[in-house]
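Student:
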Amino acid sequence: MYSILSREKLAPGIHLFRVEAPEIAKRAQPGQFIIIRTDEKGERVPLTIADWDEKEGSVTIVFMEVGTTTKKLACLNAGDSIADFVGPLGLPTEIEQFGTVVCVGGGTGTACIFPIARALKAQGNKIISILGARTEELLFWEDRLRSVSHELIVTTDDGSYARKGVVTEPLNELLQETKVDRVIAIGPTVMMKFCCVTTRPFGVKTIVSLNPIMVDGTGMCGCCRVSVGGETKFACVDGPDFDGHEVDWDLLVKRQRAYLDQEQESLKLWETRMARVMADD
Amino acid sequence: MTEKKKIDLNRVPIPKQEPWARKRNFNEVALGYTEEQAIQEASRCIQCPKPNCVKGCPVNVDIPEFIKAIRDQDMPEAVRILKSKNSLPGICGRVCPQETQCELTCSLAKKGAPVAIGRLERYVADWERAHPEITERQKEHTKLNGKKVAVVGSGPAGLTCAAELAKLGYRVNILEALHVAGGVLMYGIPEFRLPKDIVQGEVDYVKSLGVDIKLDQVIGKIATVDELLGNGYDAVFLAPGAGAPMFLNIPGENLTGIYSANEFLTRTNLMKAYLFPQYDTPIKVGQRVAVFGGGNVAMDASRCALRLGAEEVYIIYRRSEVEMPARAEERENAKEEEIIFKLLSNPKSFIGDEQGKVKAVELYQMELGEPDESGRRRPIPKPGTEFVFDVDTAIVALGTRPNPIIPSTTKGLELTRWGTIKTDESTGRTSKERVWCGGDMATGAATVISAMGAAKQAAADIDAYFRGEQVT
């Protein structure tokens, strides 16, 4: 069992947990993920590591309430525990001196891009970050991301805060104005795909962190297979980072949707149960 | 001339769930002998003075001895004899291929059916489970010798090595990557063939010997083998299993509805998807299911698919039934449940619908040529025989490759050209000092009992190594 040290609401439906996992905190590197299982009947679900504190022995995860597992997680409080917390899994993000790196974060991807930007900055890169959200209240970690960036651009789809628009617009401008050596984009699949579409004409290497469905997360089942450069790869052991220009995005999206019906069914059952619990209270 | 008691050349049949009933539930198929049946079967053993059955057993169980104890109705003695050589008898009694091991060399096999050694082993193990007070009494507490060993993986090899070393006085920690102990016994072999409470019962026995099992530990990620050796472990036994599933490398293979057998079985057995939505992990099984491969894993996957609600399940295999690596018993069980064997057929590509879901497979026919290096007749494609076969779920059961996590993070570990860890066959030693290996990671995919045999030898060698060290 892994104890939750603290929790924080970052935005509506988006939460941060600091989980006691000293061994993982010792080893974690930017871009790696953990597999969680909330309880005996829970699913194994991958979540990217947002931060870690070796001294405190904690690992930080950020998640959005979407399905049964994340809804279950959101019901937990500091002092509660998670049945399983496995990691650090996957290969770390390549951290080298590239020159100018644009880090694009969207949704919970913002939390994943943060330790990468921090490590790249420490390595002597110039970091330009782009942070995108649908609307102002869904934005989080603007300050944290700013603290590890030389420049930060914020966009909201509805213009409720900062620049109105989507992340690909400032990305496109940057590519036209500056010499960019590498782009790292982490966020919803469609955002990563369109970042790659944007960077392709400029020939700038674009790294994405793929989030297919996984089971064990250690290379054992092949559920997370993705097609990269025409080859089948396992995102859990060969990734999750890949060259975005080589990724078969349509396949990824289709595989992510493979269990939509069951996910709905499971969620409905959970919500019915919760409603009953609330009524009993 | 004295009249000798006539030996019954037929074995006592084992009661089973009827095929029509069992194909829709996950309960165990074979129900096990009653006391009466066990004694009757045990009485068939002629107690050879030089028993060949023992030589056929990879862990050298004193077979005639434990069978004699059953016949004499001294069950605690039967348990003692069996467990002195085999820490996992409830598992072995169910999943060992006895017909190619102990039962193959049984003297009765020359004239009739060999003694049903596996069924008797299972009977003893199940008897012990029902009488826990006996084991409690038999437990000996070994004096610790001050050496500490890390066992990586809690499958058959890991559990066996850990139990052997604990009995010899070593402090043993098992480091398991998944959230339960048991490895393939939990994620791979289905409930109806090997109930999970039997596995957990035997895991508990290993723990009762003083072995500590730490879950959620992916070695190579949370700690490397070198770190284990540097942080208080005197030796490491690697038994992480064979890991990565192989695919067919044909077009359309990543369509949804196509599973590796590992994924299909892991969802079903480990994650209990057959109890969805009470358990959160889903699985999708259509009406027509095709399973590719001819081994025990293909049989397990096909029988799970049936129990998950499929109408028709096909095993598609490129050779004929004679060449199938699956046990005869498992093939029989599958056929009784009306799994359809589609032999001498091979897939060319998968065809999907607009949602990216598999809807058919293109197959072509094969014929058998001359025997290949495996001794089996080589399958040769018959040109122009392609045809489209509708399926809505496909399961690829073609075997596994070694998982790269440990080899890629351990310095000085020599590998074979198949990516397995180079291991001395009789001692389990690797090219790295103080590191031993056993099970599928050493040999490639094999049986539960061969992994256990290798683990036992490695445990003996680890002990010899440290005793040697103390002498010099």
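Chains as they are written, first to last, in our numbering: chain A, 329 to 609; chain B, 956 to 1427.
Quick reminder that beta carbons are idealized off the backbone N, C-alpha and C, glycines included.
1. I'd like the ranges of any beta strand (DSSP E) spanning at least 3 consecutive residues and lying wholly in the segment 1240 to 1298 of chain B.
2. Quick check on this structure: which residue in A:Trp469, A:Lys454 and A:Phe413 has the alpha carbon closest to the alpha carbon of Ala461 (chain A)?
3. Excluding five sequence neighbours on each side, which residues of the same chain lie with their C-beta closer than 8 Å to the C-beta of Ile1001 (chain B)?
4. So is Val430 (chain A) buried or exposed if we call it buried at 16+ other beta carbons inside 10 Å?
5. So, are the CB atoms of Gly1196 (chain B) and Asp1379 (chain B) less than 9 Å apart?
6. If you follow the beta strand (DSSP E) that Val525 (chain A) is part of, which residue opens it and which one closes it?
7. Please go through the same chain and pick out, in chain order, the residues whose beta-carbon is closer than 8 Å to the beta-carbon of His478 (chain A), but skip the five residues on each side of it.
8. Any beta carbon from chain A within less than 9 Å of Ser1381 (chain B)'s own beta carbon?
9. Take the Cβ of Lys354 (chain A) as the centre, count every other Cβ of all protein chains shown within 10 Å, and call the residue buried at 16 or more, exposed below.
10. Using 8 Å as the threshold, is the segment 1168 to 1175 of chain B in touch with the segment 1320 to 1327 of chain B, meaning 3 or more CB pairs across them?
11. What three-state label does DSSP hand Thr1427 (chain B) in the structure shown?
12. Counting along the chain, where does the beta strand (DSSP E) carrying Met329 (chain A) start and finish?
13. Tell me whether the beta-carbon of Gly1383 (chain B) lies closer than 9 Å to the beta-carbon of Ala1409 (chain B).
14. In this structure, how does DSSP classify Lys454 (chain A) when only helix, strand and coil are distinguished?
15. By Cβ distance, which residues of its chain are closer than 6 Å to Gly341 (chain A), with the 5 residues on each side in sequence left out?
16. Pull up the distance between the alpha-carbon of Asp1416 (chain B) and that of Ala1406 (chain B), whole angstroms please.
17. So is Arg1282 (chain B) in contact with chain A if we call contact Cβ pairs under 9 Å?
18. Using Cβ-Cβ distances below 8 Å, what residues of the segment 359 to 390 of chain A are close to chain B?
19. If we count Cβ pairs, one from each stretch, closer than 8 Å, do we get three or more for the segment 572 to 592 of chain A versus the segment 412 to 428 of chain A?
20. Is the beta carbon of Asp1235 (chain B) closer than 9 Å to that of Leu1143 (chain B)?
21. Can you check whether the C-beta of Phe1202 (chain B) is within less than 9 Å of a C-beta belonging to chain A?
22. For Thr397 (chain A), collect the residues of the same chain with a Cβ closer than 7 Å to its Cβ; drop the 5 residues on either side in sequence, then sort them by chain order.
23. Could you check what DSSP says for Met548 (chain A) in three-state terms: helix, strand or coil?
24. Determine, using beta carbons only, whether Gly1367 (chain B) comes closer than 9 Å to chain A.
25. Going by DSSP in three states, Gln1320 (chain B) sits in which element: helix, strand or coil?
26. Pro498 (chain A) by DSSP, collapsed to three states: which one?
27. Taking a cut of 8 Å between CB atoms, which residues from the segment 407 to 422 of chain A lie near chain B?
28. With 16 as the cutoff for other CB atoms within 10 Å, does Ala339 (chain A) come out buried or exposed?
29. Quick one: does Ala513 (chain A) have its CB under 9 Å from some CB of chain B?
30. Starting from the beta carbon of Met1226 (chain B), find every residue of chain A whose beta carbon is closer than 8 Å, and list them in chain order.
31. My understanding is that Glu996 (chain B) touches Val1034 (chain B), with C-beta atoms under 8 Å, so please give their C-beta distance in whole angstroms.
32. Glu1076 (chain B) by DSSP, collapsed to three states: which one?
33. Any contact of the segment 1022 to 1039 of chain B with the segment 1106 to 1116 of chain B, i.e. 3+ C-beta pairs under 8 Å?
34. Could you work out which residues of chain B lie near Tyr587 (chain A), taking near to mean beta carbons separated by less than 8 Å?
35. Using a Cβ cut-off of 8 Å, pull out every chain B residue sitting near Thr397 (chain A), in sequence order please.
36. Taking just the CA atoms, how far does Pro974 (chain B) sit from Glu1267 (chain B)?
Tutor: Well, looking at it:
1. 1243 to 1247, 1267 to 1271 and 1295 to 1297
2. Within the first sequence, residue 461 (chain A) is the residue found at index 133, counting from 1. The shortest C-alpha separation from Ala461 (chain A) is found at A:Trp469.
3. In the second sequence, the residue the question calls residue 1001 (chain B) occupies position 46. For Ile1001 (chain B), where only same-chain residues beyond five positions count, the Cβ hits under 8 Å are Ile962, Ser1062 and Leu1063.
4. Here residue 430 (chain A) refers to the residue found at position 102 of the first sequence. Val430 (chain A) comes out buried.
5. Position 241 of the second sequence, counted from the first residue, corresponds to residue 1196 (chain B). Position 424 of the second sequence, counted from the first residue, corresponds to residue 1379 (chain B). The answer is no: Cβ separation not under 9 Å.
6. As a position in the first sequence, residue 525 (chain A) is number 197, starting the count at 1. Not the beta strand (DSSP E): Val525 (chain A) falls in the alpha helix (DSSP H), residues Thr517 to Thr527.
7. Sequence index remark: in the first sequence, residue 478 (chain A) carries index 150 (1-based). The answer, listed in chain order, is Lys449, Lys454, Ile455 and Ile456.
8. Position 426 of the second sequence, counted from the start, is the residue given in the question as residue 1381 (chain B). Not closer than 9 Å to any Cβ of chain A, the Cβ of Ser1381 (chain B) fails to qualify, so no.
9. Counted from its first residue, the first sequence places residue 354 (chain A) at position 26. Per the 10 Å Cβ criterion, exposed.
10. no
11. Taking the first residue of the second sequence as 1, we reach residue 1427 (chain B) at position 472. The predicted model places Thr1427 (chain B) with a pLDDT of 39, which falls under 50 and marks its position as unreliable; any figure quoted below should be read in that light. If DSSP states are grouped into helix, strand and coil, Thr1427 (chain B) belongs with coil.
12. As a position in the first sequence, residue 329 (chain A) is number 1, starting the count at 1. Element bounds for Met329 (chain A): n/a, residue is neither H nor E.
13. Residue mapping note: residue 1383 (chain B) aligns to position 428 of the second sequence, counting from 1. Residue mapping note: residue 1409 (chain B) aligns to position 454 of the second sequence, counting from 1. Yes, they are a contact pair.
14. Start at 1 with the first residue of the first sequence, and residue 454 (chain A) comes out as number 126. Note: Lys454 (chain A) maps to strand in three-state DSSP.
15. Mapped onto the first sequence, residue 341 (chain A) falls at position 13. Only Met392 and Glu393 meet the Cβ criterion.
16. Taking the first residue of the second sequence as 1, we reach residue 1416 (chain B) at position 461. Taking the first residue of the second sequence as 1, we reach residue 1406 (chain B) at position 451. Rounded to the nearest angstrom, the two C-alpha atoms are 15 Å apart.
17. On the second sequence, residue 1282 (chain B) is found 327 positions in, with the first residue counted as 1. For Arg1282 (chain B), the answer is no, since every Cβ of chain A falls outside 9 Å of its Cβ.
18. Arg365, Lys369, Gly370, Glu371 and Arg372
19. no
20. Mapped onto the second sequence, residue 1143 (chain B) falls at position 188. Mapped onto the second sequence, residue 1235 (chain B) falls at position 280. The sequence given here places Gly at residue 1143 (chain B); Leu does not occur at that position. Their beta carbons are not under 9 Å apart, which means Gly1143 (chain B) does not touch Asp1235 (chain B) by this criterion.
21. Within the second sequence, numbered from 1, the residue matching residue 1202 (chain B) stands at position 247. For Phe1202 (chain B), the answer is yes, since a Cβ of chain A falls inside 9 Å of its Cβ.
22. Indexing the first sequence from 1 puts residue 397 (chain A) at position 69. Closer than 7 Å at the Cβ level, and outside the excluded window around Thr397 (chain A), lie Thr366, Gly370, Glu371 and Val373.
23. Residue mapping note: residue 548 (chain A) aligns to position 220 of the first sequence, counting from 1. It is coil, neither helix nor strand.
24. For this step, residue 1367 (chain B) is matched to residue 412 along the second sequence. So, not an interface residue.
25. Locating residue 1320 (chain B) in the second sequence gives position 365, where the first residue counts as 1. Three-state DSSP puts Gln1320 (chain B) in a strand.
26. Working through the first sequence from its first residue, we reach residue 498 (chain A) at position 170. Reduced to three states, the DSSP call for Pro498 (chain A) is helix.
27. Ala411, Asp412, Phe413, Val414, Gly415, Pro416 and Leu417
28. Residue numbering aside, residue 339 (chain A) sits at position 11 when the first sequence is read from its first letter. Its Cβ being crowded by 16 or more others within 10 Å, Ala339 (chain A) is buried.
29. Your numbering for residue 513 (chain A) matches position 185 in the first sequence. Not one chain B Cβ lies under 9 Å of Ala513 (chain A).
30. Working through the second sequence from its first residue, we reach residue 1226 (chain B) at position 271. Within 8 Å Cβ-Cβ: Glu371, Arg372 and Val543.
31. As a position in the second sequence, residue 996 (chain B) is number 41, starting the count at 1. As a position in the second sequence, residue 1034 (chain B) is number 79, starting the count at 1. Not quite, the Cβ-Cβ distance comes to about 17 Å (not below 8 Å), so this is no contact.
32. Here residue 1076 (chain B) refers to the residue found at position 121 when the second sequence is read from its first residue. Correct three-state label for Glu1076 (chain B): helix.
33. no
34. On the first sequence, position 259 is the one that residue 587 (chain A) refers to. Here the neighbours are Pro1237 and Lys1239.
35. As a first step, residue 397 (chain A) is located in the first sequence; it is residue number 69 there, counting from the start. Near Thr397 (chain A) (Cβ distances below 8 Å), the residues of chain B are Asp1235.
36. As a first step, residue 1267 (chain B) must be located in the second sequence, where it is residue number 312. As a first step, residue 974 (chain B) must be located in the second sequence, where it is residue number 19. About 15 Å.
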